Amino acid sequence: MTTERQLSGLSDVATDEPACSIERSLQILGERWSLLVLREVFAGRHKFAEIQSSLGIASNLLSARLKLLVETGVLDTQTYQEPGSRPRQSYHLTAAGNDLRVVLAALQQWGDRHRPRPSGPSALRRVRSTNGPAHVGFLDDDGHEVPATDVVMLEDMADKA
11 MTTERQLSGL SDVATDEPAC SIERSLQILG ERWSLLVLRE VFAGRHKFAE
61 IQSSLGIASN LLSARLKLLV ETGVLDTQTY QEPGSRPRQS YHLTAAGNDL
111 RVVLAALQQW GDRHRPRPSG PSALRRVRST NGPAHVGFLD DDGHEVPATD
161 VVMLEDMADK A
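The opening residue of the sequence shown carries number 11 in our numbering; numbering runs sequentially from there.
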């Protein structure tokens with residue numbers, strides 16, 4: 011029996027998860043601190059104290075964000091111990107976390123274009139091998155760039171059945 015919730019595409023009854031992958035992603039990444047924590051890990055800050063110091067975030071908020079990112083497979087932990095200290099956890103990107111590089115770059119690119127700072131971008135996206143500029147965009151199966159205005163997001167009609 012198809013429920014009204016299934017017909018609206020709001021959730022998958024079997025798992026009670028939203029049918030929309032954007033909504034499912036936002037359950038993990040929709041709070042601003044989550045993306046900023048990831049920005050710090052991408053920048054090479056892996057220790058709790060490094061991330062906290064860089065962001066100026068309260069320790070309880072950082073703990074909650076890190077816990078969610080680890081539980082959902084975006085980050086992984088590794089134990090380390092500095093001389094004279096207790097063992098601690100450092101935070102590292104998983105494959106799922108690494109895939110978010112393009113998401114963060116797209117947000118940065120959008121911000122640079124639509125919310126620019128008078129002093130210019132805070133970071134540049136560059137191709138390692140050429141040092142030329144890199145931008146985020148859509149590619150077709152042959153690797154050719156497709157204008158964003160030529161891309162349509164089609165609903166999965168299976169969710170509507």
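Glycine included, every Cβ here is placed at the ideal spot set by N, Cα and C.
As the structure is a prediction and not an experimental result, all values here were calculated from the model.
Review point. Who does Arg-125 pair with in a DSSP beta bridge?
Key: Note: Arg-125 sits in no beta bridge, so no partner.
Review point. For Gln-88, which residues does DSSP report across the bridge?
Key: Ser-100
Review point. Taking the DSSP output, what are the residues bridged to Pro-131?
Key: Beta-bridge analysis with DSSP links Pro-131 to no other residue.
Review point. What's the call for Ala-29, buried or exposed, on a 16-neighbour Cβ count within 10 Å?
Key: Here Ala-29 is buried: its Cβ has 16 or more other Cβ atoms, across all protein chains shown, within 10 Å.
Check your understanding: Given Tyr-101, which residues of its chain have a CB within under 7 Å of its CB, disregarding the five upstream and five downstream residues?
Key -> Val-51, His-56, Leu-76, Leu-85 and Thr-87
Check your understanding: I think Leu-134 touches Leu-48, with their Cβ atoms under 8 Å apart; what is that distance to the nearest whole Å?
Key -> In fact, because the Cβ distance is near 19 Å, the residues do not count as touching under 8 Å.
Point to revise | Cα-Cα separation between Gly-83 and Thr-104, rounded to whole angstroms | key: If I take the Cα positions, the gap works out to 7 Å.
Point to revise | Start and end residues, alpha helix (DSSP H) containing Glu-165 | key: Counting along the chain, Glu-165 falls outside any alpha helix (DSSP H), and DSSP gives it neither H nor E.
Review point. To the nearest angstrom, how far is it from the Cα of Asp-122 to the Cα of Trp-43?
Key: Their Cα atoms are separated by approximately 19 Å.
Review point. DSSP state of Val-146, grouped into three classes?
Key: coil
Practice item. Excluding the 5 residues preceding and the 5 following Leu-149 in the sequence, name in chain order all residues of the same chain whose CB lies nearer than 7 Å to its CB. Key: Glu-155 and Val-156
Review point. Can the beta-carbon of Phe-58 be found less than 8 Å from the beta-carbon of Arg-96?
Key: no
Exercise for review: Taking Leu-65 and Leu-79 to be in contact with their CB atoms under 8 Å, please state how far apart those CB atoms are, rounded to whole angstroms.
Suggested key: About 14 Å; that fails the 8 Å criterion.
Check your understanding: What three-state label does DSSP hand Ile-38 in the structure shown?
Key -> helix
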